[in-house]
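J.: Encoded as structure tokens, here's the structure I'll be asking about.
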Amino acid sequence: MNYFEFYGMPVSFLVNEDEVREKYIELSRKYHPDFFASETEGKQQEVLQLSTLNTKAFQTLSDFDRRMKYILEIKNLIHEGERYSLPQSFLMDMMEINEALMEIKMASDVSRMDEVESQINSTLDTMNREIAPVLWDYNDNVSAPEVLAKIKDYYYKKKYLLRIKESLDTFGDSQ
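And the structure:
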């Protein structure tokens, strides 16, 4: 049973986060281990597993990036340690950003950090605008494999950009 089934929700990249939170609270009450203290050890273990499943489901479904990764995993589209080939044009753009980041680090020139961060944010904004209609139109029972391929591509591009941004933030914090 996947997290969406556990919460009685359709598989979707865009969920009602209030609904997710309400379902989490409802199931937290239903499967709270204290309510089963007088039950058999087997029943207590079952409830503990359901309580843990509820927590993991909430942590995943309430976070957009985790939810996206999870859906791609349950669709067997991404795997741990996968070496995904990003488009050459994207990699060329990232090479420019990485070179600028290296120059900043080598020269300890924090004044250009805002420029690089702005470039990263601009790229992320563009990507988000482009993927939004795809995410809104996604229907688990109908969407073609190309739709999931676009989402997978977005996922890896975003992951790449966030790593660069994290590197930039780490460098900025050390200055």
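Counting from 160, one number per residue, gives the positions in the sequence shown under this note's numbering. Even glycine gets a Cβ: it sits at the ideal position worked out from N, Cα and C.
My output table needs one value for I230: the three-state DSSP class, helix, strand or coil.
T.: Reduced to three states, the DSSP call for I230 is helix.
J.: In whole angstroms, what separates the C-alpha of A259 from that of K318?
T.: Using only the alpha carbons, I get a separation of about 19 Å.
J.: How do the segment 224–232 and the segment 169–183 stand: do at least 3 beta-carbon pairs fall below 8 Å, yes or no?
T.: Segments in contact, yes.
J.: By Cβ distance below 8 Å, which residues in the same chain neighbour Q218 in space, the five residues on each side in sequence not counted?
T.: Cβ neighbours of Q218 beyond the five flanking positions: R225.
J.: State yes or no: is the C-beta of M272 within less than 8 Å of the C-beta of L327?
T.: Contact: yes.
J.: At the level of alpha carbons, what is the spacing between Y190 and E181?
T.: Spanning the two alpha carbons is a distance of roughly 14 Å.
J.: Whether or not the segment 284–299 and the segment 261–269 are in contact is what I'm after, with contact meaning three or more pairs of Cβ atoms, one per stretch, closer than 8 Å; do they touch?
T.: The answer is no - the segment 284–299 does not touch the segment 261–269, with fewer than three Cβ pairs under 8 Å.
J.: Is the CB-CB distance between F165 and L231 below 8 Å?
T.: No. Outside cutoff.
J.: Under a three-way DSSP split, which group does F163 fall into?
T.: It is helical.
J.: Is the beta carbon of L245 sitting closer than 8 Å to the one on K309?
T.: No; because the gap between Cβ atoms is not below 8 Å, this pair is not in contact.
J.: I need the DSSP call for D222, collapsed to helix, strand or coil.
T.: Note: D222 maps to coil in three-state DSSP.
J.: By DSSP, does S188 sit in helix, in strand, or in coil?
T.: Per the sequence shown, the amino acid found at residue 188 is Arg instead of Ser. It is helical.
J.: Nearest-angstrom Cα distance between I233 and N298?
T.: Rounded to whole angstroms, I233 to N298 spans 15 Å at the Cα level.
J.: Taking the CB atoms as reference points, tell me whether L143 and I279 lie closer together than 8 Å.
T.: Residue 143 lies beyond the stretch modelled for the chain, which goes from 160 to 334, so this question has no answer here.
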